[in-house]
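Below is one structure, written out as structure tokens; comments come after it.
Chains as they are written, first to last, in full-length UniProt numbering: chain C, 1 to 195; chain F, 1 to 195.
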């Protein structure tokens, strides 16, 4: 089980002692979700907090017309959880599906709370994580309401460097809330601006 | 300075010892913002975390056409902060304006971090608060993308009981992302369904 990336993700924000690091890594379990398989289906209970070691998940819901809406991608070094379902044991509104074969580390709910109880630095890390997640979601909310398609596309490329080359045009367009045809136009415009 | 409501807001989630309660209340400062005055203007740095003791604030931005978009209301018993600006000392994207004369309690950034350092229960409270805030914002994001105007209106009334009677039709409509005229139609439909 490769724990380098997850420990590096934490050490960017807080410092764990050797014994805290041992406790933290002892509760990690590895999990693989193959391309097109679901980590969590819509309506299921999310029972773990996840960290992506390798690969990519899409977080989606089906709108009233049954069309898939991509709200988020989770790539290497990202934490991902349906926090509402996880904390409140309610059915997940979203589904979490692998876009590539994806290697995860997972922490059960009992262990999530145990880590918060036992390791003060993890408490601080969790505070930073949720404050940051809130800020990111707020940016997304503002973007979807106020930015032009060009601006959203530019933000997407900053947020997920290189992801565009790994996923389909349709998925990127869905995340941006535009049609694949319009995304093609944007890409061509961008190419032409360099020619 | 009335600290009953803020202590009750915290005690619903965590327990503070008498000495922790003393430390917590010692850092609170009271502040009043009169109707139509700004707590934070767009572009200003948010330097405090706030709790509403009495009154109502609207949290807004001006869209590309210069039209006010209401993203949130903060009423009695609500915490409110521009977390991005507060943590990162960046200009606030939103503005925070009093809809009624509003009595607040405020905590400076230094004291916010001091409380987190000194009181483990406050760390836990802050985790719960930001997880909850994330869930609420996620609901709002989903609602704005997938619910009908009727459903959004129904959710608004559940989230802010009684607020509709305190604020203008225009503000409620802006929060819902519909025109005041359409909100009038929704209200009439509702009235007719009881007649």
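Glycine residues also receive a C-beta, built at the ideal position from the N, C-alpha and C atoms.
Residue i versus residue j: straight-line alpha-carbon distance, rounded
{"i": "residue 151 of chain C", "j": "residue 179 of chain C", "result": "15 Å"}
{"i": "residue 6 of chain C", "j": "residue 147 of chain C", "result": "33 Å"}
{"i": "residue 106 of chain F", "j": "residue 77 of chain F", "result": "13 Å"}
{"i": "residue 19 of chain C", "j": "residue 159 of chain F", "result": "44 Å"}
{"i": "residue 66 of chain C", "j": "residue 170 of chain C", "result": "15 Å"}
{"i": "residue 155 of chain C", "j": "residue 177 of chain C", "result": "13 Å"}
{"i": "residue 162 of chain C", "j": "residue 40 of chain C", "result": "25 Å"}
{"i": "residue 165 of chain F", "j": "residue 64 of chain F", "result": "30 Å"}
{"i": "residue 30 of chain C", "j": "residue 108 of chain C", "result": "11 Å"}
{"i": "residue 79 of chain F", "j": "residue 137 of chain F", "result": "14 Å"}
{"i": "residue 173 of chain C", "j": "residue 157 of chain C", "result": "12 Å"}
{"i": "residue 55 of chain F", "j": "residue 122 of chain F", "result": "25 Å"}
{"i": "residue 16 of chain F", "j": "residue 15 of chain C", "result": "26 Å"}
{"i": "residue 198 of chain F", "j": "residue 26 of chain F", "result": "Nothing about residue 198 of chain F can be reported from this structure: the residues present for chain F run from 1 to 195 only."}
{"i": "residue 139 of chain F", "j": "residue 75 of chain F", "result": "19 Å"}
{"i": "residue 28 of chain C", "j": "residue 135 of chain C", "result": "27 Å"}
{"i": "residue 117 of chain C", "j": "residue 167 of chain F", "result": "43 Å"}
{"i": "residue 22 of chain F", "j": "residue 89 of chain C", "result": "35 Å"}
{"i": "residue 188 of chain C", "j": "residue 92 of chain C", "result": "38 Å"}
{"i": "residue 153 of chain F", "j": "residue 42 of chain C", "result": "25 Å"}
{"i": "residue 190 of chain F", "j": "residue 184 of chain F", "result": "10 Å"}
{"i": "residue 4 of chain C", "j": "residue 4 of chain F", "result": "47 Å"}
Expected contact under 8 Å - CB spacing of residue i and residue j to nearest Å
{"i": "residue 38 of chain F", "j": "residue 81 of chain F", "result": "With a Cβ gap of about 15 Å, residue 38 of chain F and residue 81 of chain F do not count as contacting."}
{"i": "residue 149 of chain F", "j": "residue 186 of chain F", "result": "6 Å"}
{"i": "residue 2 of chain F", "j": "residue 53 of chain F", "result": "6 Å"}
{"i": "residue 24 of chain C", "j": "residue 119 of chain C", "result": "7 Å"}
If we count Cβ pairs, one from each stretch, closer than 8 Å, do we get three or more for the segment 38–53 of chain C versus the segment 71–87 of chain C? yes
Contact between the segment 119–128 of chain C and the segment 121–131 of chain F (3+ Cβ pairs under 8 Å): yes
For the segment 47–79 of chain F, enumerate the residues whose C-beta is nearer than 8 Å to any C-beta of chain C, in chain order. 61, 63, 64, 69, 71
Per the contact definition of three or more C-beta pairs closer than 8 Å, is the segment 7–17 of chain C in contact with the segment 66–75 of chain C? no
Decide if the segment 134–144 of chain C is in contact with the segment 51–60 of chain C; the criterion is three or more beta carbon pairs, one per stretch, under 8 Å apart. no
Residues in the segment 133–167 of chain F having any Cβ partner in chain C nearer than 9 Å: 133, 134, 135, 137, 138, 139, 140, 141, 142, 144, 145, 146, 147, 148
Taking only runs of the beta strand (DSSP E) that begin and end inside the segment 61–96 of chain F, which ones reach a length of at least 3 residues, in chain order? 68–75
Any 3 or more C-beta pairs closer than 8 Å across the segment 88–106 of chain C and the segment 184–194 of chain C: no
If we count Cβ pairs, one from each stretch, closer than 8 Å, do we get three or more for the segment 28–37 of chain C versus the segment 99–118 of chain C? yes
Tell me which residues of the segment 82–96 of chain C have at least one Cβ-Cβ distance to chain F shorter than 7 Å, keeping chain order. 83, 84, 87, 93
Tell me the start and end of each unbroken alpha helix (DSSP H) in the segment 101–179 of chain F that is at least 4 residues and wholly inside, in chain order. 109–118, 120–146, 149–159, 169–176
Give the residues from the segment 117–128 of chain F that approach chain C closer than 8 Å (Cβ to any Cβ), ordered along the chain. 120, 123, 124, 126, 127
Compile a chain-ordered list of the residues in the segment 7–32 of chain C whose CB is closer than 9 Å to at least one CB of chain F. none
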